[in-house]
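Chains as they are written, first to last, in the numbering used here: chain B, 1 to 273; chain C, 1001 to 1211.
To start, the structure under review is shown below, and the notes come after it.
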C-alpha cells in the first residue's frame, strides 16, 4: 500500500479514542459478489451489538473478518487501536501476516453456528486446549477454570463426556465455555442457535444472557432471535446488501423501524416465527 | 506324490525366507506410513506440493518391479539388496498411503480448522491434536489394506536377489527338484500370515469406522 492509502486523520482520531472495533470503508468481495460494500461502523468497549438482516446481507462476513477467517478486499479493520486486517509497514500498511495475526487474534473469541467442538477430545480437553497451548496456563489451573465455566453453562457433570454424547444445545454451551476460557475481550456469536432444535434454544440463550449480565465482554451477535437481541443488546444494526440500512437502540428498531427494508425484514421474521 | 520328507527338510529355509519377508513388510510399511503422512501434509504447500504430487503420481503409475530393479542398478554395490528393496517398497507404498491420508485430511470438516484458528491454536497443535487424529482414525482400514498388499508384493524383490520367501523356495526347489512342494509351501506360508492380518484389520475397521 502506498502512503497515500493510509487512513485519514479523522479515522486516526477515532482509533485513538474510545472505539474497540472500527470498520473503515470495508469492502469484501467473493468473486463478482460484493458482500460488504464500503462499510463503516464502530463498536465501543463493553458494547453489545446485534446484527440483523436477510441472509446474504454480510452479517456473518463481518464476524469472520474480525476473527480473521476471511481477508478484507478493500478498507481496513481495527481492533483496540491496532490495525487487524493489515499491519504497519514503513509509513503505510501491508496485508497482515499470519504471525502478526496470531499475536492479536486472542483478543477475540467466536462461537459458531455448527458448534465445531473437537470430536476427538473430551469436553474438558475442548475447553482447556487453547488456554494450555496458547496462553500457557498450567494444566491444573486450566482444568479448574474449565470446570467453573462448564458449571456456569450448566454442564458441570459433563466434563468427561465426548461431544458426540451431547445434544446440540449442550454442545453449543460447551463451545461458549471454550471461547470464554480464552478470556477474550470480544465475543463473536454467529447464529449460535440456528442449528438447534427449538426446545434447546432457550438454554443456550439463557447462558448468553448470563454472560452479558455478569461480564463486560464486548459482544457482536448475528441472530434471528429478536427477543434475545432486544434483551441483551445496546444497539441493533440492520444490514441490507452489504451496508447498514438502519441502526439504533433495540426499542427503536423493533418498535418503530424507520427504513422500509427493516420493516419488511422484521415483518417476515415475526411471521415465520 | 507329495514329498513329506522334503517338506520337513525345506521348512527351516522357508521359515527363514518368511522371516525376511515379514521384516521387509514391517520396515517397508513403517516407511510408507511415515513418508506418506509427510507427503500428504507437504502436498498442501503451494509449488513444492505440486512437484511432490507429480513425483508421487509417477511412482504410482510405473510398475514396482521396474522401480526396484532400476534403483538397485543405480545404487552402489555396498548397499545391500535388502536395504534397496525395503526402501523402494516403502517409498512406492508411500505414494499410495499419501493419497489415503489426503482423503482423510480433506474429510475433516472446515469448521474444525476454523475453530482451531478462532482459538489461536498454533499450526502444530491444529495438525497434531485436531486434524490428524480425526483424519487418521477414518483411514485406518484403508491403510491396513495396503499392509497386506505390500506383504503380497515382497516376492518382487526376488528380482534383485533379496532372500525372501520366494527366493528361498526357488533355491530349495531347484536343489531337490521338488518345485511343486516348494511353491505350494510358499503359498501356504503367505496364507498363514495374510489371513490373521486380514482378520485383525477387519476388526480395526469395525472399531474405528463405526464411531
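For glycine and all other residues, C-beta sits at the position ideal for the given N, C-alpha and C.
All values derive from a computational prediction rather than experimental measurement.
Checklist entry - Are three or more beta carbon pairs between the region 1116-1136 of chain C and the region 1145-1153 of chain C nearer than 8 Å? => result Between the region 1116-1136 of chain C and the region 1145-1153 of chain C, the count of Cβ pairs shorter than 8 Å is below three; the stretches do not touch.
Checklist entry - Just the Cα atoms here: how many angstroms apart are residue 1002 (chain C) and residue 1181 (chain C)? => result Residue numbering aside, residue 1002 (chain C) sits at position 2 when the second chain is read from its first letter. Residue numbering aside, residue 1181 (chain C) sits at position 181 when the second chain is read from its first letter. Cα to Cα, residue 1002 (chain C) sits roughly 7 Å from residue 1181 (chain C).
Item to check | Which of helix, strand or coil DSSP assigns to residue 26 (chain B) | outcome: Working through the first chain from its first residue, we reach residue 26 (chain B) at position 26. The answer is strand: DSSP assigns residue 26 (chain B) an E or B state.
Next on the checklist: Let me see if you follow: with CB-CB separation under 7 Å, is residue 105 (chain B) close to chain C or not?
Outcome noted: The sequence position of residue 105 (chain B) within the first chain is 105, counting from 1. So yes, residue 105 (chain B) belongs to the interface.
Checklist entry - Straight-line CA distance for residue 1167 (chain C) to residue 1060 (chain C)? => result By one-based count along the second chain, residue 1167 (chain C) stands at place 167. By one-based count along the second chain, residue 1060 (chain C) stands at place 60. Those two C-alpha atoms are separated by around 25 Å.
Checklist entry - Going along the chain, which residues of its own chain have a beta-carbon closer than 7 Å to the beta-carbon of residue 1159 (chain C), five neighbours each way excluded? => result Your numbering for residue 1159 (chain C) matches position 159 in the second chain. Take residue 1159 (chain C), set aside five residues on each side of it, and the residues of its chain with a beta-carbon closer than 7 Å to its own are 1065, 1068 and 1069, in chain order.
Checklist entry - Taking 7 Å as the CB-CB cut-off, is residue 1135 (chain C) touching chain B? => result In the second chain, the residue the question calls residue 1135 (chain C) occupies position 135. No, residue 1135 (chain C) lies away from the interface with chain B (no Cβ there is under 7 Å from its Cβ).
Checklist entry - Using a Cβ cut-off of 7 Å, which residues of the region 1089-1120 of chain C contact any Cβ in chain B, in chain order? => result Cβ proximity to chain B below 7 Å picks out 1111, 1112, 1114, 1115, 1117, 1118, 1119 and 1120 from the region 1089-1120 of chain C.
Checklist entry - Using the rule of at least 16 other Cβ atoms within 10 Å of the residue's Cβ for burial, across every protein chain shown, is residue 239 (chain B) buried or exposed? => result Counted from its first residue, the first chain places residue 239 (chain B) at position 239. Residue 239 (chain B) is buried by the Cβ-count criterion.
Next on the checklist: Quick check on residue 4 (chain B) - is its C-beta less than 7 Å from some C-beta in chain C?
Outcome noted: By one-based count along the first chain, residue 4 (chain B) stands at place 4. Caution is warranted here: a pLDDT of 42 is assigned to residue 4 (chain B), below 50, making its placement in the model unreliable, and no coordinate value can be reported.
Next on the checklist: I want to see whether chain C comes within less than 7 Å of residue 249 (chain B), judged by CB atoms only; does it?
Outcome noted: Sequence index remark: in the first chain, residue 249 (chain B) carries index 249 (1-based). In terms of beta-carbon proximity, residue 249 (chain B) stays away from the interface with chain C, with every pair separated by 7 Å or more.
Item to check | residue 1097 (chain C) - containing alpha helix (DSSP H), residue span | outcome: Looking up residue 1097 (chain C) in the second chain gives position 97. Taken as a continuous stretch (DSSP letters only), the alpha helix (DSSP H) holding residue 1097 (chain C) covers 1081-1106.
Checklist entry - Under a three-way DSSP split, which group does residue 284 (chain B) fall into? => result Given a span of 1 to 273 for chain B in the structure shown, any question on residue 284 (chain B) remains unanswerable.
Checklist entry - Among C:1051, C:1092, C:1082 and C:1020, which residue has its Cα nearest to the Cα of residue 1033 (chain C)? => result Position 33 of the second chain, counted from the first residue, corresponds to residue 1033 (chain C). The residue among C:1051, C:1092, C:1082 and C:1020 with its C-alpha nearest the C-alpha of residue 1033 (chain C) is C:1092.
Checklist entry - Okay, do the region 1085-1105 of chain C and the region 79-94 of chain B touch, 3+ Cβ pairs below 8 Å being the bar? => result As far as the Cβ criterion goes, the region 1085-1105 of chain C does not touch the region 79-94 of chain B, which means the pair count is below three.
Checklist entry - Among the residues of its own chain, which have a CB less than 6 Å from the CB of residue 1021 (chain C), if the five just before and after it don't count? => result Within the second chain, the letter at position 21 stands for residue 1021 (chain C). Here the set comprises 1154, 1164 and 1165.
Next on the checklist: For a test of the three-state rule: what should DSSP assign to residue 1001 (chain C), helix, strand or coil?
Outcome noted: Here residue 1001 (chain C) corresponds to residue number 1 of the second chain, with the count starting at 1. For residue 1001 (chain C), the secondary structure class from DSSP, reduced to helix, strand or coil, is coil.
Checklist entry - Buried or exposed: residue 97 (chain B), going by 16 or more other Cβ atoms within 10 Å of its Cβ? => result Your numbering for residue 97 (chain B) matches position 97 in the first chain. Burial is judged here by how many other beta carbons sit within 10 angstroms of a residue's own beta carbon; residue 97 (chain B) has fewer than 16 and is exposed.
Checklist entry - What in chain B is Cβ-close to residue 1169 (chain C), meaning under 7 Å? => result As a working note, residue 1169 (chain C) is residue 169 in the second chain. Ordered by position in chain B, no residue passes the 7 Å Cβ test against residue 1169 (chain C), which lies about 45 Å from the chain.
Next on the checklist: Extract the residue ranges of the alpha helix (DSSP H) inside the region 173-203 of chain B, only unbroken runs of 4 or more that lie entirely within it.
Outcome noted: As far as the region 173-203 of chain B is concerned, it has no whole alpha helix (DSSP H) run of at least 4 residues.
Next on the checklist: Check whether chain C comes within 7 Å of residue 208 (chain B), counting only Cβ atoms and requiring the distance to be less than that.
Outcome noted: Stepping through the first chain from its first residue, residue 208 (chain B) is reached at position 208. Closer than 7 Å: no.
Checklist entry - So, helix, strand or coil for residue 1150 (chain C), using DSSP? => result Looking up residue 1150 (chain C) in the second chain gives position 150. Of the three classes helix, strand and coil, the one that applies to residue 1150 (chain C) here is helix, per DSSP.
Next on the checklist: Could you tell me the alpha carbon to alpha carbon distance between residue 1193 (chain C) and residue 1146 (chain C), rounded to whole angstroms?
Outcome noted: The residue given as residue 1193 (chain C) occupies position 193 in the second chain. The residue given as residue 1146 (chain C) occupies position 146 in the second chain. Looking at the two C-alpha atoms, the distance is approximately 14 Å.
Item to check | Short-range partners of chain C found in the region 83-108 of chain B, where Cβ spacing is below 7 Å | outcome: Flagged, chain order: 102, 105 and 106.
Checklist entry - Using a Cβ-Cβ cut-off of 8 Å (strictly less than) and excluding sequence neighbours within five positions of residue 185 (chain B), which residues of its own chain qualify? => result As a position in the first chain, residue 185 (chain B) is number 185, starting the count at 1. Within the same chain, residue 185 (chain B) has close Cβ partners 20, 45, 80, 107, 108, 217 and 218.
Checklist entry - For residue 1189 (chain C), which of C:1009, C:1128, C:1004 and C:1017 has the nearest alpha-carbon? => result Here residue 1189 (chain C) corresponds to residue number 189 of the second chain, with the count starting at 1. Here the closest residue by C-alpha is C:1017.
Next on the checklist: Could you check whether residue 61 (chain B) and residue 229 (chain B) sit closer than 7 Å to each other, using their CB atoms as the reference points?
Outcome noted: Position 229 of the first chain, counting from 1, holds the residue named residue 229 (chain B). Position 61 of the first chain, counting from 1, holds the residue named residue 61 (chain B). Contact flag unset, no.
Checklist entry - How would you call residue 171 (chain B), buried or exposed, if buried means at least 16 neighbouring beta carbons within 10 angstroms? => result The count along the first chain starts at 1 and reaches residue 171 (chain B) at position 171. By the 10 Å Cβ count, residue 171 (chain B) comes out buried.
Checklist entry - Under a three-way DSSP split, which group does residue 1200 (chain C) fall into? => result Position 200 of the second chain holds residue 1200 (chain C). The answer is helix: DSSP assigns residue 1200 (chain C) an H, G or I state.
Next on the checklist: Which residues in chain C have a C-beta closer than 9 Å to the C-beta of residue 134 (chain B)? List them in chain order.
Outcome noted: Taking the first chain and counting its residues from 1, one reaches residue 134 (chain B) at position 134. Going along chain C in sequence order, the residues near residue 134 (chain B) (Cβ under 9 Å) are 1119, 1120, 1121, 1122 and 1125.
Checklist entry - Can you give the Cα-Cα distance for residue 177 (chain B) and residue 67 (chain B), rounded to whole angstroms? => result Working through the first chain from its first residue, we reach residue 177 (chain B) at position 177. Working through the first chain from its first residue, we reach residue 67 (chain B) at position 67. Between residue 177 (chain B) and residue 67 (chain B), the C-alpha separation is close to 17 Å.
Item to check | Where residue 41 (chain B) falls: helix, strand or coil (DSSP) | outcome: Walking along the first chain from the start, residue 41 (chain B) turns up at place 41. Judged by DSSP in its simplified three-state form, residue 41 (chain B) adopts strand.
Item to check | Residues bridged to residue 21 (chain B) (per DSSP) | outcome: Working through the first chain from its first residue, we reach residue 21 (chain B) at position 21. Bridge partners of residue 21 (chain B): B:43 and B:79.
Checklist entry - Looking at chain C, which residues of the region 53-72 of chain B have a Cβ within less than 9 Å of any of its Cβ atoms? => result Using a CB distance below 9 Å, the part of the region 53-72 of chain B facing chain C consists of 64, 67, 68 and 69, ordered along the chain.
Checklist entry - In terms of residue numbering, what span does the alpha helix (DSSP H) encompassing residue 1053 (chain C) cover? => result By one-based count along the second chain, residue 1053 (chain C) stands at place 53. Segment 1048-1061, the alpha helix (DSSP H) holding residue 1053 (chain C).
Checklist entry - With a Cβ-Cβ cutoff of 7 Å, do residue 1172 (chain C) and residue 1013 (chain C) count as a contact? => result By one-based count along the second chain, residue 1172 (chain C) stands at place 172. By one-based count along the second chain, residue 1013 (chain C) stands at place 13. Yes, these two residues count as a Cβ contact at 7 Å.
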